[in-house]
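Report on the following structure.
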Amino acid sequence: MNILLLGSGGREHALAWKLAQSPLCETLYAAPGNPGIADHATCVALDVADHGAVIAFCEDKRIGLVVIGPEAPLVDGLADSLRGEGIPVFGPNKGAAQLEGSKGFTKDLCAKADIPTGGYERVTNEADGLAAIARFGAPVVVKADGLAAGKGVTVAMTMAEAEMAIMEIFSGRFGEAGAEAVVEEFLEGEEASFFALTDGSTIVPFASAQDHKRVGDGDTGPNTGGMGAYSPARVLTPALQAETMTRIIAPTVRALADEGVPYNGVLFLGLMLTREGPKLIEYNCRFGDPECQVMLMRLQSDLVELLHACAQNRLGSVAPPRFSDATALTVVMAAKGYPDTPEKGGEIRGIEANENEHVKVFHAGTAVKEGALVANGGRVLNVTGVGSTVSEAQGRAYAALDAIDFPTGFARRDIGWREVAREKSAS
Ligand code: AMP
Ligand code: GLY
C-alpha cells in the first residue's frame, strides 16, 4: 500500500523510519518531510490547510493510509475531509481532536465521565478569571483554552503569577486560543506519559514515556516542546497502567462515542502520579515528540499493520503492539537560543558516523543548504540510544551526541535523571 505521512519533525522521522520497514508499505510519501525523512520517503510539498489538494494527491497516488503527525491539521478537521472521501486515516476527526484543541472541552468531559483530574473552572473574561484564582488560592494552574504551542500554561506558585497569567490570556496574546481560560487545581506528584491506540471501540495500550519539558538541566528555565525522553517510564507500573486504562482511557473513549465524536488514533495522556493515583493533566491527540521516537525504537510490531487496522476500525483484529524490554532514551540537540530565538543555519556534521546498532539519530529541524546539513528550527536532532537500563541508554546517547559536530547546538545533560537516580539507589 502507498502511505502518506504528514509532518516534518523528529516524531515524523521516527514514524517514517518504522513505516518504511513494513512489508505492507510500497511507496511512502511525506509532506513536507525533512532530510532525515527523505532517507525513507519521497518528500512532497503539500499545503495541509488545503484539504482538497491533499485529497487530490491521495487519489492520484492511490494512497491507502494517511498518517497525520502533528495536532494542527487534526484540530483543523483534515481527518474528517479525508474520511469523507473514503481515504483511511490514522488520527481523530475534528470533534474528537478537541481533547487537545480545547482544555475546557476535556475538563467538562472528565467531569461528566467521572475521570480523575484536577478540579477546575472555565472562565471567559479577566474579572471571572481573577475571581476564580482567588477561590483556588496559590499554587494554582492557569491555562489558555486552545492550542498555544505549549506556551499557554502557567503553573503559578503565587497569586501575583496567577493574576499575570489571567491578564496575559485576556490581553489577547494567544489570539483565538485565549478567548477562554481554565483555572485548575495544582496537582502534586511525578509526571509520566502514557499512550494508547483506539479505533473508537477497541483500545490497546501502547507504551509509557517520560518527557523533559524545561530547557535547562535540573528542570529549570522555560518550557519547550520537550528536550528529551525515555521509554518505558517504569514509574508507571503495570498496576498504574491498568488503573489508567480502566479509570481514564476507557471512560474517555466511551464518553466521546456517546457524544457522537468517536476517537480514532493515538491518545497521549499527560498524567500526574499523585498520592491518590494517576490523574489526567492533559490529553494530546497525536504521538508525543520526542516520546514517539523512544517508543518506536522499542516497537517490535509492524507499525503499518497497527495504524492501518486502527484507521479501518478493526484494531481488534490484529495482535496488540509488542515492545522490547530495552530502554530507549533520546536527547534533543536544539539550536542555541531555543525556545525563544533559535539560531538557524549552523552546520551539522558526523551524524551517520555515530550511528550504530544501539544509536539512531532522528532529524527534526534540519535542512540541506548548498550540500551541507544545517539547523533549520528550534529542535534540530534527537540522538537516541538503546540499552538494557536507562543508564546504559543514556551513556550511549550522550557518547554519540558528544561526537556530533554541531557548534551552534546545545542539549540538556541530564535526560533520564529521575530513573538514573532510581537505578543507582537500587543497585
Ligand atoms: P500542559 O500543556 O497541559 O501539558 O501543561 C504543561 C505542564 O504544566 C505540564 O506538563 C505540567 O508540568 C504542568 N501542569 C499542567 N497542569 C497542572 C496541574 N493541574 N498541576 C500541576 N502541574 C500542572
Ligand atoms: N513532548 C510533548 C509533546 O509532544 O507534546
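Using the numbering used here, read the sequence shown as starting at 5 and increasing by one per residue. Think of the CB as a built atom: it goes at the ideal place given N, C-alpha and C, for glycine as much as any other residue. Since the structure is predicted, the reported quantities are computational estimates derived from the model, not experimental observations.
Determine the burial state of residue i: buried for a count of at least 16 other Cβ atoms within 10 Å of its Cβ, exposed for fewer.
i, result
"residue 398", "buried"
"residue 409", "exposed"
"residue 353", "exposed"
"residue 162", "exposed"
"residue 422", "buried"
"residue 111", "buried"
"residue 360", "exposed"
"residue 212", "buried"
Using three-state DSSP, classify residue i as helix, strand or coil.
i, result
"residue 276", "strand"
"residue 334", "strand"
"residue 267", "coil"
"residue 10", "strand"
"residue 211", "strand"
"residue 3", "Given that the chain is displayed from residue 5 to residue 431, the structure contains no residue 3 and the question cannot be resolved."
"residue 424", "helix"
"residue 343", "coil"
"residue 22", "helix"
"residue 352", "coil"
"residue 107", "helix"
"residue 216", "coil"
"residue 327", "strand"
"residue 240", "coil"
"residue 203", "coil"
"residue 285", "strand"
"residue 170", "helix"
"residue 36", "strand"
"residue 411", "coil"
Going by alpha carbons, who is nearest to residue i out of the options?
i, options, result
"residue 291", "51, 18 and 68", "18"
"residue 425", "404, 405, 400 and 395", "395"
"residue 364", "142, 301, 74 and 44", "301"
"residue 406", "362, 335, 372 and 370", "335"
"residue 368", "230, 303, 118 and 269", "230"
"residue 194", "384, 119 and 215", "215"
"residue 198", "427, 299, 58 and 355", "299"
"residue 243", "347, 52 and 209", "209"
"residue 225", "35, 55 and 342", "342"
"residue 427", "203, 238 and 43", "238"
"residue 182", "413, 404 and 105", "105"
"residue 62", "236, 418, 89 and 241", "89"
"residue 79", "66, 52 and 64", "52"
"residue 11", "42, 28, 27 and 29", "42"
"residue 218", "383, 173, 98 and 378", "383"
"residue 245", "222, 233, 284 and 223", "284"
"residue 236", "297, 176 and 247", "297"
"residue 22", "305, 411, 372 and 413", "305"
How many angstroms separate the CA atom of residue i from the CA atom of residue j?
i, j, result
"residue 249", "residue 350", "44 Å"
"residue 135", "residue 153", "26 Å"
"residue 122", "residue 83", "30 Å"
"residue 439", "residue 128", "This structure gives no information on residue 439, because the portion of the chain shown stretches from 5 to 431."
"residue 345", "residue 370", "16 Å"
"residue 333", "residue 386", "9 Å"
"residue 307", "residue 295", "16 Å"
"residue 100", "residue 251", "19 Å"
"residue 103", "residue 156", "15 Å"
"residue 312", "residue 330", "26 Å"
"residue 92", "residue 32", "15 Å"
"residue 50", "residue 137", "44 Å"
"residue 327", "residue 416", "27 Å"
"residue 420", "residue 338", "17 Å"
"residue 390", "residue 400", "7 Å"
"residue 45", "residue 393", "32 Å"
"residue 381", "residue 36", "14 Å"
"residue 227", "residue 25", "34 Å"
"residue 358", "residue 404", "5 Å"
"residue 316", "residue 16", "21 Å"
"residue 188", "residue 76", "24 Å"
"residue 81", "residue 98", "4 Å"
My assumption, with CB atoms under 8 Å, is that residue i sits in contact with residue j. Please give the rounded CB distance.
i, j, result
"residue 9", "residue 71", "5 Å"
"residue 314", "residue 94", "6 Å"
"residue 207", "residue 146", "That belief does not hold up - the Cβ atoms of residue 207 and residue 146 are roughly 32 Å apart, past 8 Å."
"residue 286", "residue 274", "4 Å"
"residue 132", "residue 186", "At roughly 12 Å, the Cβ-Cβ gap does not stay under 8 Å, so residue 132 and residue 186 are not in contact."
"residue 440", "residue 7", "As displayed, the chain neither begins before 5 nor continues past 431, which places residue 440 out of reach and without an answer."
"residue 262", "residue 13", "Not really, about 33 Å apart at Cβ, beyond 8 Å."
"residue 322", "residue 303", "Their Cβ separation, rounded to whole angstroms, is 14 Å, which puts residue 322 and residue 303 out of contact at 8 Å."
"residue 130", "residue 170", "6 Å"
"residue 267", "residue 204", "6 Å"
"residue 190", "residue 143", "4 Å"
"residue 119", "residue 255", "6 Å"
"residue 379", "residue 347", "7 Å"
"residue 196", "residue 271", "Contact flag wrong, Cβ pair sits at about 14 Å."
Let me see if you follow: with CB-CB separation under 8 Å, is residue i close to chain D or not?
i, result
"residue 376", "This model lacks chain D altogether, as it is built from one protein chain only."
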